[in-house]
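Since the structure comes first, as structure tokens, the remarks are kept for the end.
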DNA sequence: ATGACATTTGCAAAATGA
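In my numbering, the protein residues as written are -14 to 261.
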């Protein structure tokens, strides 16, 4: 890249990338459109679209100014990637490593000059069942695939609902979550293998504050009592992390009418910057 | 330990979630 004599303002070159578990893209469509209009991300990764490929609301999303690709599944799971003013170019649909895995949890695309993945990592509860084994295997597959992708040494953003509480600072009452699949020592150890690869947890790169949450249960007044957990994450390759300008959580969205139980998490990258 | 609450499909109630 050539030297620019007139250094552009960050606002001109910053790219906003968000992740949002919508908990039903059709049922939540009004909230999604309101949030897109307010937040105006360049790229948005969605999880838990919870509808089949034929019923993805592509027209409504296009009317909001976004192109989209999606990997749907009736009732459960489902991921999508939206880009403002363009249709993302699909790179991968489904996480490698298990040909028998039919659950729609991984989608990767190039858009606006960067590669992003929308990830819906398995919940894994109850932890004493095959559901947890599936979660751990999925995390191993994500580790193997991420290691390969990092060899490209390019900006890469792995965004989504990881269903992982990384540390005690990320949960309101750790004791209530000790035996939960989201917080078990093995779950957190698998998470650390990802960060040890060189992936950066964007929120933790910008704040050490405890009590920074992305999910509040619908039940037992969890939102009103701020009984939250931080489970929606953007993991950044070194080439993306070195261009990180800011990160944030749209917490106010949880107070909207008929909201998702998750809220959007986002970053801004300065891709004009040369990096480290 | 269960259920609390909300989603989906499909039109009742089961399956799933975190």
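Each residue gets a CB set at the ideal place from its N, CA and C atoms; glycine is no exception.
Note that this is a predicted model, so its numbers are computed, not measured.
Burial state of residue i (16 or more Cβ within 10 Å)
i: residue 114; result: exposed
i: residue 93; result: buried
i: residue 62; result: buried
i: residue 177; result: exposed
i: residue 134; result: buried
i: residue 137; result: exposed
i: residue 103; result: buried
i: residue 222; result: buried
i: residue 170; result: exposed
i: residue 15; result: exposed
i: residue 210; result: exposed
i: residue 71; result: exposed
i: residue 60; result: exposed
i: residue 118; result: exposed
i: residue 180; result: exposed
i: residue -9; result: Unreliable placement is indicated for residue -9, whose pLDDT of 45 sits below 50; no coordinate value is reported for it.
i: residue -13; result: In this predicted model, residue -13 has a pLDDT of only 40, less than 50, meaning its place in the structure is not dependable enough to derive any value.
i: residue 29; result: buried
i: residue -11; result: Any answer about residue -11 is weak, because its pLDDT of 41 lies below 50 and its placement is not dependable; what the coordinates show is given next. Exposed, since its Cβ has fewer than 16 Cβ neighbours within 10 Å.
Per DSSP, cross-strand counterpart(s) of residue i
i: residue 2; result: 28 and 252
i: residue 93; result: 77 and 102
i: residue 69; result: 51
i: residue 64; result: 32 and 56
Same chain, Cβ closer than 7 Å to residue i, five either side skipped, listed in chain order
i: residue 203; result: 246
i: residue 230; result: -5, -1, 253, 254 and 255
i: residue -7; result: For residue -7, the predicted structure reports a pLDDT of 47, less than 50, and the residue's modelled location is therefore unreliable. The matter cannot be settled from this model.
i: residue 11; result: 36, 40 and 42
i: residue 148; result: 106, 107, 108, 109, 167 and 216
i: residue 78; result: 56 and 92
i: residue 187; result: 219, 221, 229, 232 and 252
i: residue 225; result: 140, 141, 142 and 254
i: residue 132; result: 182
i: residue 50; result: 69 and 70
Other residues of its chain near residue i: CB distance less than 8 Å, five sequence neighbours each side excluded
i: residue 19; result: 241
i: residue 130; result: 80, 81 and 82
i: residue 25; result: 1 and 69
i: residue 88; result: 58, 61, 62 and 107
First through last residue of the beta strand (DSSP E) which encompasses residue i
i: residue 55; result: 51 to 56
Beta-carbon proximity list for residue i, same chain, < 6 Å, skipping 5 on both sides
i: residue 83; result: none
i: residue 31; result: 5, 7 and 65
i: residue 243; result: none
i: residue 191; result: 232
i: residue 156; result: 150, 162 and 214
i: residue 250; result: 4, 199, 217 and 234
i: residue 75; result: 54 and 94
i: residue 99; result: 140
i: residue 236; result: 248
i: residue 212; result: 157
i: residue 154; result: 195
i: residue 207; result: 201
i: residue 73; result: 54, 66, 94 and 96
Limits of the unbroken alpha helix (DSSP H) element including residue i
i: residue 169; result: Element bounds for residue 169: n/a, residue is neither H nor E.
Q: For the region 222 to 260, list the alpha helix (DSSP H) runs that are entirely contained and at least 4 residues long, ordered along the chain.
A: Runs of the alpha helix (DSSP H) spanning 4 or more residues and lying entirely within the region 222 to 260 occur at 223 to 226, in chain order.
Q | Complete runs of the beta strand (DSSP E) confined to the region 120 to 162 [at least 3 residues] | A | Complete beta strand (DSSP E) runs here, min 3: 141 to 146.
Q) In the region 183 to 222, which residue ranges form an unbroken alpha helix (DSSP H) of at least 4 residues, counting only runs that do not cross its ends? A) DSSP runs (the alpha helix (DSSP H)) wholly in the region 183 to 222: 187 to 191.
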